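Our numbering numbers the first residue of the sequence shown as 94 and each following residue consecutively.
Glycine is no exception: its CB is placed at the ideal position from the N, C-alpha and C atoms.
Quick caveat: nothing in here was measured; it's all calculated off a predicted structure.
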Amino acid sequence: MRKLLIAALVLWTQWAMAATDSTTIFVSQILHDTQKTYAINQLVTLQDPTTFPLLGAINNKRLYLLDNQAVTTGEKFDSPNGITTYEIYSLYPKNELLVNKNGQPLHTSIDALTVVEISRADRLLINGLLPMLEMFSTEPAKRMLAYGQLKDSHAPHRIEMLRMALAQESNADALRAGKDILYYLELNTTTEASIAKLYIDSLAENWGDNAPVFLSEYARSKKVLADYAGQKALALERRYDYLQKVQNLFSGLSLGSILILIALGLSIVYGLAGIINMAHGEFLMIGAYTTYCIQTLFTNVLKVPYTDLFFVISLPLSFLVAGLLGLLLERLVVRHLYARPLESLLATWGVSLILIQTARSLFGDLTAVKTPSFLSGGLAVSPHLVLPYNRIFIIGLTALIVALTYFMLYKTRLGLQIRAVTQNRGMSACLGIDTKRVAALTFFFGSGLAGIAGCAMTLIGNVVPDMGQTYIVDSFLVVVTGGVGKIVGTIVSGLGIGFFTKILEAFFQAVYGKVCILLFIMLFMQYKPKGLFPYKGRLAED
């Protein structure tokens, strides 16, 4: 018996070596233009998983030679000098990312690769294997799609192939999606209760996007432990609803932070001067375009390789540029319109239209700022709750700006003068305070805060000339609801409007949610016309 086992092992080893040698020959024939059709047919017949990456590259017309080695391209990278490079993956006998001498991923251009031409007729020979081939693609999205197609596929050995693909899966989302399919296939092929429970629990613990659907389908099949699967599906759906509420609260906090950042300067200016500055939103736009100009300066003028330094520099420069233009607006226009709210509203609205058209003439209708690498992605709290780093940064930036503004208003001599002029301009002037100087500095500070908000807004949207108009109405709502000139009121009102907006959007469309917010504020102002935290005293106008 022992001799028979040894003989069988020797024969199997010889067969495996022969199969490997023949596979290598077929791959070589494809790469060197000899009997391609025959070689591809043989590889399709063999269904050797080690050749799937190669066959997938053939199907996608992305088969190349680099140093006489079969390779394909991965993620694309655009450099500032206009050269496009790609990650390079080897295809056979191993499918792996190639690295350079420093151990870093190898990047090269298409021109450095030799294209291996495969006719359309030869590529069609691979169609029967496509669901399995894409499981070994270099692109996570294609691998996830391939895993999903296996659910209804009747290809032989699909479970074994899926296990092999998942063993080398490196993307967390793709791995979770693939495990969902694997557990679902295994669950539907077993008839033992203990094994079925194991796969039901595995589906629930893995909790991919389709896990509740798969468990519900199995529960309707009336197979072994179908009721148990239905209970697990309901539990997952409840967890998803809970995390969805948490996601809405985070979105509300993020929106509220943006509103606070924009409205903070507007609240101070409106409280001090009594000016309805309709151009305040355009200072947000100026801050955003300052960030765009700094990025362009780094990449196109100075020819500095792309770094995150441009965004760090843009934050203080956005404050400075927007603040100086706000100071210019105060000196040329606003200074002559104190105590004339209607004229100030019309004048600043005209200024806003001029600024919008100027930006459109200089930059066009649509530009964008590339998100810094340290703010890309998000914090994965759970598979269904990811908090984007850019919005976390905006929340943190808002908290820092609020703290600095509070320190300036309540811990400095300038802040004392601003609060004095806000409460009684005439009495402040009698006590020796230069009210015009205080008003100019306040306009500089308030406009600068809007500029920082514009810089932050480039992280979550495009830069367009009329971007300030999107938030100016909401900013005024925050100011009048919270109480003019009150930091605490601005914070409470901004967060409240942000939270209620996101909560109502979960039940209604965005437009109807906004209408509900406006109706609520109208009713609220009937009972609290001076806002949540009204200022003490009255503005004494010049």
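Can you tell me which of the options puts its alpha carbon nearest to the alpha carbon of residue i?
i           : options            : result
residue 216 : 177, 371, 123, 245 : 123
residue 262 : 232, 438, 291, 196 : 232
residue 145 : 178, 183, 158      : 183
residue 290 : 547, 276, 207      : 276
residue 473 : 340, 236, 416      : 340
residue 532 : 365, 198, 525, 547 : 365
residue 150 : 527, 226, 135      : 226
residue 417 : 155, 188, 535      : 535
residue 316 : 293, 186, 147      : 293
residue 446 : 370, 337, 607      : 370
residue 329 : 300, 357, 349      : 300
residue 355 : 208, 380, 595      : 380
residue 352 : 324, 491, 156      : 491
residue 143 : 180, 194, 258      : 258
residue 129 : 218, 562, 185      : 218
residue 283 : 318, 251, 327, 267 : 318
In angstroms, rounded to a whole number, what distance separates the CA positions of residue i and residue j?
i           : j           : result
residue 100 : residue 114 : Residue confidence for residue 100 is low, a pLDDT of 44 falling below 50, so the modelled location carries little weight and cannot support an answer.
residue 481 : residue 470 : 6 Å
residue 513 : residue 486 : 34 Å
residue 287 : residue 464 : 49 Å
residue 109 : residue 264 : Note that residue 109 scores 43 on pLDDT, short of 50, meaning its location in the model is unreliable; the coordinates nonetheless yield the value given after this. Going from the Cα of residue 109 to the Cα of residue 264 covers about 31 Å.
residue 153 : residue 477 : 32 Å
residue 304 : residue 296 : 6 Å
residue 508 : residue 392 : 40 Å
residue 483 : residue 211 : 44 Å
residue 448 : residue 498 : 27 Å
residue 192 : residue 199 : 5 Å
residue 493 : residue 601 : 33 Å
residue 159 : residue 138 : 27 Å
residue 135 : residue 141 : 10 Å
residue 213 : residue 220 : 11 Å
residue 439 : residue 177 : 50 Å
residue 428 : residue 595 : 39 Å
residue 343 : residue 337 : 10 Å
residue 163 : residue 405 : 42 Å
residue 437 : residue 378 : 20 Å
residue 126 : residue 195 : 34 Å
residue 186 : residue 260 : 16 Å
residue 148 : residue 208 : 15 Å
residue 424 : residue 565 : 22 Å
residue 197 : residue 349 : 41 Å
Answer with buried or exposed for residue i, where buried requires no fewer than 16 other C-beta atoms within 10 angstroms of its C-beta.
i           : result
residue 285 : exposed
residue 510 : buried
residue 390 : exposed
residue 547 : buried
residue 605 : exposed
residue 104 : For residue 104, the predicted model reports a pLDDT of 38, less than 50, meaning its position is unreliable; a value from the coordinates is still stated below. Answer is exposed; the Cβ neighbour count stays below 16.
residue 388 : buried
residue 520 : exposed
residue 234 : exposed
residue 347 : buried
residue 441 : buried
residue 202 : exposed
residue 253 : exposed
residue 112 : At residue 112, the pLDDT of 47 sits below 50, so the modelled position is not reliable; the number obtained from the coordinates is stated separately. Exposed, by the Cβ-count rule.
residue 325 : buried
Looking only at DSSP bridge pairs, what is residue i linked to?
i           : result
residue 207 : 158
residue 527 : DSSP lists no partner for residue 527.
residue 183 : 164, 189
residue 170 : 178
residue 201 : 179
residue 434 : Beta-bridge pairing links residue 434 to no other residue.
residue 475 : 478
residue 551 : Note: residue 551 sits in no beta bridge, so no partner.
residue 460 : 556
For a test of your reading of the model: does the CB of residue i fall under 6 Å from any non-hydrogen atom of the ligand ADP? Yes or no.
i           : result
residue 624 : As for the ligand ADP, it is missing from this structure, which has no ligand bound.
Quiz item: Any contact of the segment 265-273 with the segment 228-244, i.e. 3+ C-beta pairs under 8 Å?
Solution: yes
Practice problem: Please confirm if the segment 381-398 is in contact with the segment 352-365, defined as three or more CB-CB distances below 8 Å between the two stretches. | Solution: no
Practice problem: Evaluate the contact criterion for the segment 398-411 versus the segment 567-584: three or more CB pairs, one atom per stretch, below 8 Å. | Solution: Flag = no, the segment 398-411 and the segment 567-584 do not touch.
Practice problem: Would you be able to state if there are at least three C-beta pairs under 8 Å between the segment 455-462 and the segment 555-565? | Solution: yes
Practice problem: Would you be able to state if there are at least three C-beta pairs under 8 Å between the segment 574-591 and the segment 535-553? | Solution: Between the segment 535-553 and the segment 574-591, the count of C-beta pairs closer than 8 Å stays below three; the two stretches do not touch.
Self-check item: At least 3 beta-carbon pairs within less than 8 Å: the segment 447-456 vs the segment 576-585
Solution: no
Quiz item: If we count Cβ pairs, one from each stretch, closer than 8 Å, do we get three or more for the segment 605-615 versus the segment 372-379?
Solution: no
Quiz item: If we count Cβ pairs, one from each stretch, closer than 8 Å, do we get three or more for the segment 534-546 versus the segment 409-421?
Solution: yes
Exercise. Assess, as a yes-or-no matter, whether the segment 164-172 is touched by the segment 119-139 under the definition of 3 or more beta carbon pairs within less than 8 Å.
Key: Contact between the segment 119-139 and the segment 164-172 is absent: fewer than 3 CB-CB pairs across the two stretches fall below 8 Å.
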